[in-house]
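K.L.:
Right, I'll just put the structure down here and ask away after.
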Amino acid sequence: MPEPELMDDPLQARAYAEADFSCGDEALIQRLQEYLISLCKIPSPGSMIVDLGCGPGNICERLQRLWPEVMVLGIDGAQAMLDHALQRQKAMAAELKRLTYRCSNLSSLVNQCVDLKCSAALVVSNSLLHHLHDPNLLWQVTKYLAAPGAFVFHRDLRRPLSTKHAIALQQKHMQEAPSILIRDYLASLHAAFTLEEVQSQLVHAGLDHLHVIEVEDRYLDVFGTI
Ligand SMILES: C[S@@+](CC[C@H](N)C(=O)[O-])C[C@H]1O[C@@H](n2cnc3c(N)ncnc32)[C@H](O)[C@@H]1O
Numbered sequence: 001m002p003e004p005e006l007m008d009d010p011l012q013a014r015a016y017a018e019a020d021f022s023c024g025d026e027a028l029i030q031r032l033q034e035y036l037i038s039l040c041k042i043p044s045p046g047s048m049i050v051d052l053g054c055g056p057g058n059i060c061e062r063l064q065r066l067w068p069e070v071m072v073l074g075i076d077g078a079q080a081m082l083d084h085a086l087q088r089q090k091a092m093a094a095e096l097k098r099l100t101y102r103c104s105n106l107s108s109l110v111n112q113c114v115d116l117k118c119s120a121a122l123v124v125s126n127s128l129l130h131h132l133h134d135p136n137l138l139w140q141v142t143k144y145l146a147a148p149g150a151f152v153f154h155r156d157l158r159r160p161l162s163t164k165h166a167i168a169l170q171q172k173h174m175q176e177a178p179s180i181l182i183r184d185y186l187a188s189l190h191a192a193f194t195l196e197e198v199q200s201q202l203v204h205a206g207l208d209h210l211h212v213i214e215v216e217d218r219y220l221d222v223f224g225t226i
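Below is the structure:
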């Protein structure tokens, strides 16, 4: 059940930007680091990380703090989200010197961002895939951006078995949130893909060497070397 792709309603962007997703974000970074260390693929100084559907920059900021010498590029199609990202960056300018943002829809990125072709040592996204009405877009853009040997890591929600399960997840993980966030969370769970669906997307995209695993009670991780 698709939800709108871009989160460009200012109220929606603001509710998202003000929410505290720090536990989940920290866990994601931890997991990513473990993979990179085990494969000796820590990004080298001067190399580039691209965070697709970066929203208000929560993951970009953590990546930049972790690797201050690496360039981090956050891409999102919603200017309302990037406005929050830029505002936050301004407040922490000294620690986020190599972080930049670009407003671009994934659907036009391949034509409009020729400079980014094969440029990224690491391509990541969090909570993006379920927004895409054509999920193949994420896999095509990933292939376009990844330098040879790049590591990719995409984390998203996975679709629960039923609306009842979705509500149980919302009550467990997002009980006390503003109503706009609860609405979006439930919509996201209904829009998300299953492990089998993502596996078949990867076969279709010629990326079936990537791993897809279920993580905790609500996530899917897709990762591997291009
Ligand atoms: C749920 S938010 C995730 C934000 C952030 N990655 C995080 O970890 O919290 C999804 C973001 O993807 C963006 N997005 C959705 N579809 C997109 C598309 N086709 N092109 C670019 N950005 C897109 C939305 O605007 C939104 O900011």
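In terms of the UniProt record's numbering, the sequence shown opens at residue 1 and continues consecutively.
Backbone N, C-alpha and C fix where the C-beta goes; we use that ideal spot for every residue, glycine too.
If you check the beta carbons only, do residue 91 and residue 10 fall under 8 Å apart?
P.N.:
Cβ distance not < 8 Å, so residue 91 and residue 10 don't count as in contact.
K.L.:
In three-state DSSP terms, what is residue 167?
P.N.:
Three-state result, residue 167: helix.
K.L.:
Whose CA, out of 111, 28, 176 and 198, lies closest to the CA of residue 212?
P.N.:
Considering only alpha carbons, the answer is 198.
K.L.:
First and last residue of the beta strand (DSSP E) that includes residue 213?
P.N.:
Residue 213 -> beta strand (DSSP E) spans 211-215.
K.L.:
Classify residue 73 as buried or exposed, calling it buried when 16 or more other Cβ atoms lie within 10 Å of its own Cβ.
P.N.:
Under this definition residue 73 is a buried residue.
K.L.:
Measuring straight from C-alpha to C-alpha, what distance separates residue 166 and residue 194?
P.N.:
Residue 166 and residue 194: Cα-Cα distance of roughly 13 Å.
K.L.:
Can you tell me which of 18, 123, 53 and 219 puts its alpha carbon nearest to the alpha carbon of residue 180?
P.N.:
If we check each option's Cα against that of residue 180, 18 comes out closest.
K.L.:
Suppose the cutoff is 7 Å on Cβ atoms and the five residues either side in sequence are ignored; what does the same chain contact list for residue 96 look like?
P.N.:
Only 61, 64 and 89 meet the Cβ criterion.
K.L.:
Do residue 141 and residue 202 have their beta-carbon atoms positioned less than 8 Å apart in this structure?
P.N.:
It is not a contact, given that the beta carbons lie outside the stated cut-off.
K.L.:
Check whether the stretch 168-176 touches the stretch 105-114, taking contact to mean three or more Cβ pairs, one atom from each stretch, closer than 8 Å.
P.N.:
Segments in contact, no.
K.L.:
Suppose contacts are defined by Cβ-Cβ distances below 8 Å. Is residue 156 in contact with residue 187 by that definition?
P.N.:
No, the Cβ-Cβ distance between residue 156 and residue 187 is not below 8 Å.
K.L.:
To the nearest angstrom, how far is the alpha carbon of residue 33 from that of residue 42?
P.N.:
The alpha-carbon atoms of residue 33 and residue 42 are separated by roughly 8 Å.
K.L.:
Please indicate yes or no: does the CB of residue 53 lie closer than 7 Å to some heavy atom of ligand 1?
P.N.:
Because some heavy atom of ligand 1 lies under 7 Å away, the Cβ of residue 53 counts as near it: yes.
K.L.:
Do you know whose CA, among 207, 54 and 2, lies nearest residue 144's CA?
P.N.:
When each option's Cα is compared against that of residue 144, the closest is 207.
K.L.:
Can you tell me where the beta strand (DSSP E) with residue 123 in it begins and where it stops?
P.N.:
From DSSP, the beta strand (DSSP E) with residue 123 extends over 120-126.
K.L.:
Does any heavy atom of ligand 1 sit closer than 7 Å to the C-beta of residue 78?
P.N.:
Residue 78 Cβ: within cutoff of ligand 1.
K.L.:
Should the stretch 212-221 be regarded as contacting the stretch 145-152, the criterion being three or more beta carbon pairs within less than 8 Å?
P.N.:
Segments in contact, no.
K.L.:
Where are the alpha helix (DSSP H) runs, 4 residues long or more, that stay fully inside the stretch 75-149, in chain order?
P.N.:
The qualifying runs are 79-91, 106-112 and 136-145.
K.L.:
Let me know the secondary structure DSSP gives residue 161 once reduced to three states.
P.N.:
Residue state, collapsed to three classes: coil.
K.L.:
Reducing DSSP to helix, strand and coil, say where residue 50 ends up.
P.N.:
In the structure shown, residue 50 sits in a strand (DSSP, three-state: E or B).
K.L.:
Are the CB atoms of residue 76 and residue 54 within a distance shorter than 8 Å?
P.N.:
Taking 8 Å as the Cβ cut-off, residue 54 and residue 76 qualify as a contacting pair.
K.L.:
Assuming residue 6 and residue 78 form a contact by the criterion Cβ under 8 Å, report the distance between their Cβ atoms to the nearest whole angstrom.
P.N.:
Going by Cβ atoms, the distance from residue 6 to residue 78 rounds to 4 Å, so yes, they are a contact pair.
K.L.:
In three-state DSSP terms, what is residue 198?
P.N.:
It is helical.
K.L.:
Which whole-angstrom value describes the C-beta separation of residue 154 and residue 222, a residue pair presumed to lie in contact below a C-beta threshold of 8 Å?
P.N.:
Indeed, because the Cβ distance is near 4 Å, the residues count as touching under 8 Å.
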